[in-house]
Amino acid sequence: KIAEQLQVTQQAINAIIPVLDAHSQALNTLKNGIERLHIHFQRSFLYLAITKIFRNQLTLNYLSPDDLHKVVYDIIEQGNLTFNAQHGSIPIVEIITKLLVRQQIDFIPSSQYINQNPHEIGRLVITNFFAVPQQEQTSFYIYKLLTMPFLHKNETIQLTHIPRYRATNPADNTTMEWRDPEESGCDLQLMTSCRDTPQLRSISKDSCLGQIIGSLPLSSTHTKSVPLPEILFDS
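Set out below in structure tokens:
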């Protein structure tokens, strides 16, 4: 009886081995497919990130999640950064990314380092430069300026040559202006940050905005004629 049971067991083992082999091959195929997909996504993210960097749209999206975590907390530690309640709704990664002021991409040929892979021709090295904000900063009030059409001498006109944003320091009446904040790497909506800070100026009475704010005669104001909006008034 023991011999019969052993024979049955052996037959069962022999029958299940091809099934296990088939499952093993299927798992290996699936594993290889996932690895190729992972490499494809890595290359896609790297390509998109490099394209953004060349366009001066600085980003950390080329990093893997583990490397991104290390970079973020290394910047926080080295810069001795602290966050207050107003930053609570903004991801830390986005805050650290906004501290980027420059990124440099270099190609290092394999002849300049020890290379174990004969098919490797070189490596891309991306260097990041961060600017850590000062603990004590001057407070500015930032305003978004909108030009609205208005009637003047039976003509609809609108102000021109007006900056899109204006920052004012009430302590010394100095100002900063942005006509195209995106070109300077500025974000004046979600979190106020700017890679290239515009020139700090005193409020001039000779400027259009200075004359408007000071209720002075408008000698430096430029206007343009715009189509009359179709507005119906009920009598």
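For the sequence shown, the working numbering gives the first residue as 256, with consecutive numbering after it. All residues carry an ideal CB built from backbone N, CA and C; glycine is no exception. The structure presented is a predicted model; accordingly, all values stated were derived computationally and were not measured.
- Ala267: buried (16+ other C-beta within 10 angstroms of its C-beta) or exposed? exposed
*Counted within 10 angstroms of its Cβ, other Cβ atoms place Arg253 as buried (16 or more) or exposed*: Missing from the structure shown is residue 253; the chain here goes from 256 to 490 and no further.
Note to self: Give the list of continuous alpha helix (DSSP H) stretches no shorter than 4 residues that lie fully inside the region 307-374.
What the structure shows: 320-333, 347-352
Please confirm whether Val326 and Leu336 have their CB atoms less than 8 Å apart. no
Counted within 10 angstroms of its Cβ, other Cβ atoms place Thr447 as buried (16 or more) or exposed: exposed
Worksheet entry | Terminal residues of the alpha helix (DSSP H) in which Gln413 lies | Unbroken run through Gln413 is the beta strand (DSSP E), 410-415; no alpha helix (DSSP H).
>> For His416, which residues in the same chain have their Cβ closer than 6 Å to its Cβ, ignoring the five residues on either side in sequence?
In response: His477
Tell me where the beta strand (DSSP E) around Leu379 begins and ends.
377-385
Worksheet item: What is the rounded straight-line gap between the Cα of Glu437 and the Cα of Leu443?
Response: 9 Å
For Glu466 and Ser475, which I take to be in contact (beta-carbon distance under 8 Å), what is that distance rounded to the nearest angstrom?
Looking at the sequence provided, one finds Gln at residue 466 rather than Glu. 6 Å between Cβ atoms; contact.
Distance between beta carbons of Tyr396 and Tyr420, contact taken as under 8 Å: So it is not a contact: roughly 11 Å between Cβ atoms.
message: Please state whether the Cβ-Cβ distance between Lys479 and Leu471 is less than 8 Å.
response: no
So what does DSSP say about Lys479, is it helix, strand or coil?
strand
Can the beta-carbon of Val380 be found closer than 8 Å to that of Asp361? yes
How many Å lie between Thr352 and Gln333 at the Cα? 15 Å
Helix, strand or coil at Val274 [DSSP, three-state] = helix
Euclidean distance between Cα positions of Pro404 and Thr382: 48 Å
Buried or exposed by the 16-neighbour rule on C-beta atoms within 10 Å, applied to Gln389: exposed
#### Entry: Backbone secondary structure at Thr393 - three-state DSSP
coil
For this session: Count the other CB atoms, across all protein chains shown, that sit within 10 Å of the CB of Gln358; report buried if there are 16 or more and exposed otherwise.
Result: buried
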